[in-house]
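Undergrad: Protein chains in written order, with my numbering: chain A, 345 to 825; chain B, 345 to 825; chain C, 82 to 220; chain D, 82 to 220. Every residue, glycine too, gets a C-beta built ideally from N, C-alpha and C. Next up is a structure, given as structure tokens.
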Amino acid sequence: MSSSKLSIEKFNEIRREILQTWPTGHGLSLEEGIAYQKTIPEAKNFAVAMRKASQAGKTLLQPRAGVALIQDHIKLLQYLENEGEADLLPTTIDAYTRQNRYQEAALGIEKSLQARTSLLNGFPAVNHGLAGCRQVTESVKSPIQVRHGTPDARLLAEITLAGGFTSYEGGGISYNIPYTKKVPLQKSIDDWKYVDRLVGIYEEHGIHINREPFGPLTGTLVPPFVSHVVAIIEGILALRQGVKSITLGYGQGGNLFQDVAALISLKNLAHEFFAREGFKDYELTTVFHQWMGGFPEDEAKAFGVISWGAAVAVLAGADKVIVKSPHEAMGIPTKEANAQGLRCTRQAVSMLRDQKFPIGSEHRVEIEQIEKEVRSIMEAVYRLGNGDIEAGIVAAFEAGVMDVPFAPSVYNHGKILPMRDNNGFIRVFNKGNLALSDDIMAYHREKLEERAKAEGRNVCFQMVTDDIYAISKGALVGRPR
Amino acid sequence: MSSSKLSIEKFNEIRREILQTWPTGHGLSLEEGIAYQKTIPEAKNFAVAMRKASQAGKTLLQPRAGVALIQDHIKLLQYLENEGEADLLPTTIDAYTRQNRYQEAALGIEKSLQARTSLLNGFPAVNHGLAGCRQVTESVKSPIQVRHGTPDARLLAEITLAGGFTSYEGGGISYNIPYTKKVPLQKSIDDWKYVDRLVGIYEEHGIHINREPFGPLTGTLVPPFVSHVVAIIEGILALRQGVKSITLGYGQGGNLFQDVAALISLKNLAHEFFAREGFKDYELTTVFHQWMGGFPEDEAKAFGVISWGAAVAVLAGADKVIVKSPHEAMGIPTKEANAQGLRCTRQAVSMLRDQKFPIGSEHRVEIEQIEKEVRSIMEAVYRLGNGDIEAGIVAAFEAGVMDVPFAPSVYNHGKILPMRDNNGFIRVFNKGNLALSDDIMAYHREKLEERAKAEGRNVCFQMVTDDIYAISKGALVGRPR
Amino acid sequence: MSATNIVLGVIGFDCHSVGNKILEAWFTESGFKVTNLGVMVSQEEFIAAAIETDAKAILVSSLYGHGEIDCAGLREKCIEKGLEDILLYVGGNLVVGKTPFPQVEEKFLKMGYDRVFGPDCSLEKVSEMLKADIAAKAK
Amino acid sequence: MSATNIVLGVIGFDCHSVGNKILEAWFTESGFKVTNLGVMVSQEEFIAAAIETDAKAILVSSLYGHGEIDCAGLREKCIEKGLEDILLYVGGNLVVGKTPFPQVEEKFLKMGYDRVFGPDCSLEKVSEMLKADIAAKAK
Ligand code: B12
Ligand code: B12
């Protein structure tokens, strides 16, 4: 498959196959799906909501949530909408569905019915099918999105988009590398090309569907440039298939200045590379994820983490913030805990929304640093792909020129080691084969040596482990005990 | 009484009188108190803890807490020390004791015994006397401070300092204007001169006692310059009586930049005016109070306020932060809720302590603005007092040249009306007789007009009311509904 | 119809003045003639002011936690002084500690207050109630 | 004494790889010979690896909430395959939702796991226990 737009013939060929893979796909009509989407009021359109938020300088709040059974899921969403005052709703898909294991999902539904509680970690949308999805999307007032982690999300997309969802998370890289072990990167990129093309077809029929690559990747000490490269490339791949509304994401790193610099540079860089690829007609918005790594178990401490993430989201000017709950370290939140996370976030967001955050010169240095790093990797990707970003990124992952820390995929090089510097900025300790120039690495090394000196130890692997645990143990930088 | 150091004769004369006012004062020996203080280990000395925190660039955590009965109070403090991980402990005094109504306090103790729960809003230290206080201070590991709101705090000081407390909050202005209705300012200043002299005598005997003027005043939309003037003057009055360890306070305003500017300017200005008064030999530290105005009732939202206060305390470089609880809007917190506030704060403080906050040029403008305002009032005070700050401040309050918003005291002019600007900075809407120059007021007015324009209404009194409720209703600026 | 007189104040040794200033502004705007005694008001002062102004209601605030002690006995004292018919409203953070409101309400109703309010009460509703209660008494 | 073999992995369709990498580093440093199967490991893969390496213990992780479904039956399958004596440890966020640990523990003990751990477990204590349990079995 080439990196150009998927032809309608090829699309239809794949479509026929994919709809056969589970009974709820049989006979699904795209025309009917489009007709159904036309009946959805604009106030419930996710893409429109994102655009309006961006224009108004607002930060919208969205939780994660999904349970096994339709009625329970509806109650959950309504609770988050009413008691949680969420602006945008999710439907988080369970982990069996994410692996296309609809048989196991069916078992999970059954066991959940017996146990009278959800034994699945999300909503098995494929099993519930079109009617189930429409029941859900019709019973809420807010725009609603599918959130998952599915390398092959084609059937799920067919069912949920026809089912009334107006935004779809994921991408061929971001839903592969952090989420799977053995799916070849080219395979997931191809499968996501189908999803993006499907969204493109909706767009061509006047249905605005929002697409959101998954920003935070492994959520654990991911340096901004790493996730930016993935976000930008997935953005390009989506635009190529006709996607118009794109929301790029970034997971909180922890240092205020690095996080603000990251969000500002993400937007700049996306426009830069989208232009380079010849795209003009798109709506770009951003999403900031509250801390995606290990959380403290104590709920009061978790609130501290949640609220700090909310504050930074606003200071960074994110159009949306994804909200964690005080149960994060322990398990999928109850609806009450989920709403608490939302209300804590709401308070911080509203207290901060009127505050301007002027960017000083020291800060500009960090913005430029991230931009330099991203351009450095992007150039290498283009080089490896002989000018084609898609071929390039597959080759880059293979060569370790692009590398995601702590990822489970065997198609990820896995040599990069990130580490915090003395101010808590996430830097690169071991670059593996990452395409970072010597002067970039010298800068990182200098910053890390600063920390080593302050801690009276050498830069070492133990620091990485200490940093992984740090926030869950109540600090940003993993200092020696 | 003059503004100079209280003579030992005068001190002793007052002392004899004051010890007679309640049985627990009878026969109290200053020598014995000093001897007792000498037995307290340095690790429990509040002044030392503040100095060390300042040197190490740490922000220490302190809750508020006090209940009627000794054993319950001890349990409460131990809980806050162990489960709450507080660095510094308080003993908050009940409101009857603050008004020297020891008879009512006795009734409160009795009723609390009957009700098996505290019916007093603090610890009645005078009623419990020397032995009771020592029981308390001996049963904790951390430095411990008396926190109250007592215009005439002489007997309380005698008992609690001899009782092993190593820090004493309050001052002749800050414990009068916001806390009482009919106590003449000169009277409370005189009575606090006694307290400061008592601390000075301890210092002369080698006992380091920390003194902390109450920074936040009415806690409600207090512009930084207003509380700074009070803090600096109370600092000078304390130093005059021989106090050596002084902690100046500031209550969170809500806008990150104004709050950081406030804490930086407070330190600069204090050194400036202390030097002008000829003081060199003192230890100056700062305390930041998490939001002191009306809180949201919802606990998740309260956590959002608490955590934001914690973050700003660290970014502003405060040596200590006074912590609120998620029960704030509703009532005196249970020990559990109090510890939750501490743990939420701890998480935010530790995540932020490594982060530098560079001061940009826009920010420097605000620091200079506050400095200009404070100097403007201070010059007027010196003028009114013919060079003497004490005479000057009494005259200034009388003339409204100095004025605290929303204060209950009839000795406060009460004409100043504060209001938030479009970014949430607290500005002056109505200056009353405040000694602020036309160009200062023009700056404030300009900022307020900016807001009025953004809200499509004229600058008006309704905005003040809206601002008072704003944070409890979930925002910083009280926008029209 | 001339404006109805009411008396307002914060009882005991309570210094919380912000809410009091807002209540004064609110009830004045709602058409009452308000005698605001400010903070730190004794039961005797409330009664004296009510008698002097021929007030139809006394609005007592208590924020600082000693409400239970400070507010007890006001009804009895009112009756003693001949104010049998006066409405007594009380509001604020009436007891020490976060307490379910129904418990607080019961306590203060038993003390003889006609209506009890938490810190979250809607002032619009309060002035409606007050007008209705005064009208009902007048019949 | 040569190092004891143990098998490590994250069961089911669970992709959480960070804890797994830390566990590998930890147990290697504690003197075990670790066969780390990584994430998304089936019961069959665990058993095959244990047989192949003659492992004394299988350490199963489950973070994503499906532990209750994924972990059931492993003990029975081990017995089937002749691993009667193998120690089974399980840890992580084992069930969906925040649940009091004793309830979780009981569930997994019943399934035949020898020891059950929450996400907050101290790795130092775990390796001590593991050494002691292996020694006890050896007797
Ligand atoms: C980072 C993260 C992710 C990353 C993972 C990236 C990656 N590839 O590793 C991403 C974003 C991809 C992700 C995805 C999902 N996640 Co996730 N994730 C987390 C998070 C925030 C941190 C996990 C982590 O790395 N911790 C740090 C490491 C060092 O700790 P650890 O993993 O707990 O491991 C330690 C201990 O558990 C223990 N331990 C573990 N196993 C064993 C075994 C033995 C024998 C012993 C002794 C000890 C032991 O020792 C380890 C080392 O200290 C946790 C919540 C948290 N803990 O704060 C949620 C969490 C684990 N995820 C959760 C879920 C549900 C998911 C998803 C299904 C999405 C969803 N529905 O929300 C998907 C999973 C999809 C899939 N197929 O697996 C839930 C699980 C819920 C539950 N059990 O009820 C959690 C708890 C969050 C929550 N509260 O909802 N996640
Ligand atoms: C600001 C403040 C202060 C300032 C007050 C400055 C001043 N002069 O006004 C300072 C710092 C000085 C202060 C001191 C103290 N405070 Co204070 N303070 C507050 C705080 C944070 C806000 C109060 C406020 O201004 N709110 C805004 C106004 C608009 O709302 P309001 O006061 O609630 O009034 C509204 C309603 O209650 C209602 N209402 C009030 N009365 C009535 C009456 C009627 C009839 C009706 C219908 C309605 C009504 O309408 C009002 C207008 O909307 C509250 C907690 C909170 N609410 O968040 C604590 C709080 C009231 N304080 C408290 C305490 C205990 C004290 C102290 C004793 C110190 C201590 N131990 O911690 C001292 C009091 C000393 C004394 N002698 O009184 C406690 C009371 C505890 C309890 N009841 O269990 C509170 C609840 C904090 C807490 N959770 O511990 N405080």
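Could you check whether the Cβ of residue 96 of chain D sits closer than 8 Å to any Cβ belonging to chain A?
TA: Stepping through the fourth sequence from its first residue, residue 96 of chain D is reached at position 15. Yes, its Cβ sits closer than 8 Å to a Cβ of chain A.
Undergrad: Going by the DSSP bridge assignment, what does residue 594 of chain A pair with across the sheet?
TA: Here residue 594 of chain A refers to the residue found at position 250 of the first sequence. DSSP, once it has assigned bridges, lists A:632 as partnering residue 594 of chain A.
Undergrad: Using a C-beta cutoff of 8 Å, does residue 788 of chain A count as contacting chain D?
TA: By one-based count along the first sequence, residue 788 of chain A stands at place 444. No - not a single Cβ of chain D is within 8 Å of the one on residue 788 of chain A.
Undergrad: Should residue 658 of chain A be listed as close to ligand 1, given that the test is whether its C-beta is under 7 Å from any heavy atom?
TA: Working through the first sequence from its first residue, we reach residue 658 of chain A at position 314. No.
Undergrad: Quick one: is residue 383 of chain B buried, meaning 16 or more other Cβ sit within 10 Å of its Cβ, or exposed?
TA: Here residue 383 of chain B corresponds to residue number 39 of the second sequence, with the count starting at 1. By the neighbour-count rule (16 or more Cβ atoms within 10 Å), residue 383 of chain B is not buried but exposed.
Undergrad: Hey, is residue 523 of chain B close to ligand 2, as in C-beta under 7 Å from one of its heavy atoms?
TA: Residue mapping note: residue 523 of chain B aligns to position 179 of the second sequence, counting from 1. Yes, since a heavy atom of ligand 2 falls inside the 7 Å radius drawn around the Cβ of residue 523 of chain B.
Undergrad: Could you tell me whether any non-hydrogen atom of ligand 2 is closer than 7 Å to the CB of residue 421 of chain B?
TA: Mapped onto the second sequence, residue 421 of chain B falls at position 77. No - ligand 2 has no heavy atom lying nearer than 7 Å to the Cβ of residue 421 of chain B.
Undergrad: When the Cα of residue 178 of chain C is compared with those of C:127, C:91 and C:199, which residue comes out closest?
TA: In the third sequence, the residue the question calls residue 178 of chain C occupies position 97. Considering only alpha carbons, the answer is C:199.
Undergrad: Just to make sure I have the definition right: I need the residues of chain B whose C-beta is within less than 7 Å of the C-beta of residue 225 of chain C. Which are they?
TA: Because chain C here runs from 82 to 220, residue 225 of chain C falls outside it and cannot be looked at.
Undergrad: Hey, would you say residue 781 of chain A sits closer than 8 Å to residue 720 of chain A, going by beta carbons?
TA: Here the question's residue 781 of chain A lines up with position 437 in the first sequence. Here the question's residue 720 of chain A lines up with position 376 in the first sequence. In this structure, residue 720 of chain A lies closer than 8 Å to residue 781 of chain A by Cβ.
Undergrad: Give me the chain A residues within the contact set of residue 145 of chain D, using Cβ-Cβ distance strictly less than 7 Å, ordered along the chain.
TA: Walking along the fourth sequence from the start, residue 145 of chain D turns up at place 64. Correct list: 439 and 465.
Undergrad: Examine chain A for any beta-carbon lying closer than 8 Å to the beta-carbon of residue 115 of chain D, and answer yes or no.
TA: As a first step, residue 115 of chain D is located in the fourth sequence; it is residue number 34 there, counting from the start. So no, residue 115 of chain D is outside the interface.
Undergrad: Is the Cβ-Cβ distance between residue 95 of chain C and residue 439 of chain B less than 8 Å?
TA: For the purposes of this step, residue 95 of chain C is taken as residue 14 along the third sequence, with counting starting at 1. For the purposes of this step, residue 439 of chain B is taken as residue 95 along the second sequence, with counting starting at 1. Taking 8 Å as the Cβ cut-off, residue 95 of chain C and residue 439 of chain B qualify as a contacting pair.
Undergrad: So, is residue 625 of chain B buried or exposed, given that buried needs 16 or more other C-beta atoms within 10 angstroms?
TA: The count along the second sequence starts at 1 and reaches residue 625 of chain B at position 281. Label assigned to residue 625 of chain B: exposed.
Undergrad: Determine, using beta carbons only, whether residue 525 of chain A comes closer than 8 Å to chain D.
TA: Against the first sequence, residue 525 of chain A aligns to sequence position 181. Yes, because at least one Cβ of chain D sits closer than 8 Å to the Cβ of residue 525 of chain A.
Undergrad: Interface residues of chain B around residue 771 of chain A at Cβ under 7 Å?
TA: Here the question's residue 771 of chain A lines up with position 427 in the first sequence. Here the premise fails: no neighbours, minimum Cβ distance about 13 Å.
Undergrad: Whose C-beta lies closer than 6 Å to the C-beta of residue 193 of chain D among residues of the same chain, with five residues either side of it excluded?
TA: Against the fourth sequence, residue 193 of chain D aligns to sequence position 112. Contacts found: 156.
Undergrad: For the stretch 735–767 of chain A, list every residue whose C-beta sits within 7 Å of some C-beta in chain B, in sequence order.
TA: Correct list: 766 and 767.
Undergrad: Under the criterion of a Cβ to heavy atom distance below 7 Å, does residue 142 of chain D qualify as lining ligand 1?
TA: Walking along the fourth sequence from the start, residue 142 of chain D turns up at place 61. The answer is yes for residue 142 of chain D.
Undergrad: Where DSSP assigns a beta bridge to residue 198 of chain D, which residues make up the other side?
TA: On the fourth sequence, residue 198 of chain D is found 117 positions in, with the first residue counted as 1. D:172, per the DSSP bridge assignment.
Undergrad: Near residue 414 of chain A, what residues of its chain come up, given a Cβ to Cβ distance below 7 Å and the 5 sequence neighbours on each side ignored?
TA: What you label residue 414 of chain A is simply residue 70 of the first sequence in a count that begins at 1. Only 472, 476, 479 and 480 meet the Cβ criterion.
Undergrad: If you check the beta carbons only, do residue 816 of chain A and residue 644 of chain A fall under 8 Å apart?
TA: Counted from its first residue, the first sequence places residue 816 of chain A at position 472. Counted from its first residue, the first sequence places residue 644 of chain A at position 300. For residue 816 of chain A and residue 644 of chain A, no; Cβs fall outside 8 Å.
Undergrad: In whole angstroms, give me the CA-to-CA distance for residue 557 of chain B and residue 813 of chain B.
TA: Locating residue 557 of chain B in the second sequence gives position 213, where the first residue counts as 1. Locating residue 813 of chain B in the second sequence gives position 469, where the first residue counts as 1. Going from the Cα of residue 557 of chain B to the Cα of residue 813 of chain B covers about 27 Å.
Undergrad: Where residue 792 of chain A and residue 628 of chain B are concerned, what is the direct C-alpha to C-alpha distance, given to the nearest angstrom?
TA: In the first sequence, the residue the question calls residue 792 of chain A occupies position 448. In the second sequence, the residue the question calls residue 628 of chain B occupies position 284. When rounded, the distance between both Cα atoms is 34 Å.
Undergrad: Is residue 512 of chain A near ligand 1, judged by its Cβ being under 7 Å from some heavy atom?
TA: Residue 512 of chain A sits at position 168 when you count from the first residue of the first sequence. Flag unset: Cβ of residue 512 of chain A not near ligand 1.
Undergrad: With distance defined between alpha-carbon atoms, name the residue in B:649, B:570 and B:491 nearest to residue 521 of chain B.
TA: Numbered from 1 along the second sequence, position 177 holds the residue referred to as residue 521 of chain B. Residue 521 of chain B has its Cα closest to that of B:570, out of B:649, B:570 and B:491.
Undergrad: So is residue 408 of chain A in contact with chain B if we call contact Cβ pairs under 8 Å?
TA: Position 64 of the first sequence, counting from 1, holds the residue named residue 408 of chain A. Not closer than 8 Å to any Cβ of chain B, the Cβ of residue 408 of chain A fails to qualify, so no.
Undergrad: Could you please give me the residues that DSSP links to residue 763 of chain B through a beta bridge?
TA: Here residue 763 of chain B is taken as the residue at index 419 of the second sequence, counted from 1. DSSP output for residue 763 of chain B lists B:771 as bridge partner(s).
Undergrad: Please list, in chain order, the residues of the stretch 199–215 of chain D that have any C-beta partner in chain A closer than 7 Å.
TA: Result list: 200 and 201.
Undergrad: Please report the distance separating the alpha-carbon of residue 583 of chain A from that of residue 623 of chain A.
TA: Counting from 1 along the first sequence, the entry for residue 583 of chain A is found at position 239. Counting from 1 along the first sequence, the entry for residue 623 of chain A is found at position 279. Each residue's Cα considered, the two are about 7 Å apart.
Undergrad: Which residues does DSSP list as the beta-bridge partners of residue 167 of chain C?
TA: Within the third sequence, numbered from 1, the residue matching residue 167 of chain C stands at position 86. Residue 167 of chain C is not bridged to any residue.
Undergrad: When burial is assigned at 16 or more other CB atoms within 10 Å of the CB, is residue 135 of chain D buried or exposed?
TA: In the fourth sequence, residue 135 of chain D corresponds to position 54, counting from 1. It counts as exposed.
Undergrad: Could you tell me which whole beta strand (DSSP E) segments of length 3 or greater appear in the stretch 538–602 of chain B?
TA: For the stretch 538–602 of chain B, whole beta strand (DSSP E) runs of length 3 or above, ordered along the chain, are 554–556 and 589–595.
Undergrad: Taking the beta carbon of residue 91 of chain D as the centre, do at least 16 other beta carbons fall within 10 Å, making it buried, or is it exposed?
TA: Translated into positions along the fourth sequence, residue 91 of chain D becomes position 10. Buried, since its Cβ has 16 or more Cβ neighbours within 10 Å.
Undergrad: Can you tell which of C:115, C:108 and C:144 has the C-alpha that lies nearest to the C-alpha of residue 210 of chain C?
TA: In the third sequence, residue 210 of chain C corresponds to position 129, counting from 1. Ranking the options by Cα distance to residue 210 of chain C, first place goes to C:108.
Undergrad: For residue 405 of chain B, write down the residues that DSSP places opposite it in a beta bridge.
TA: Counted from its first residue, the second sequence places residue 405 of chain B at position 61. Paired residues: B:665.
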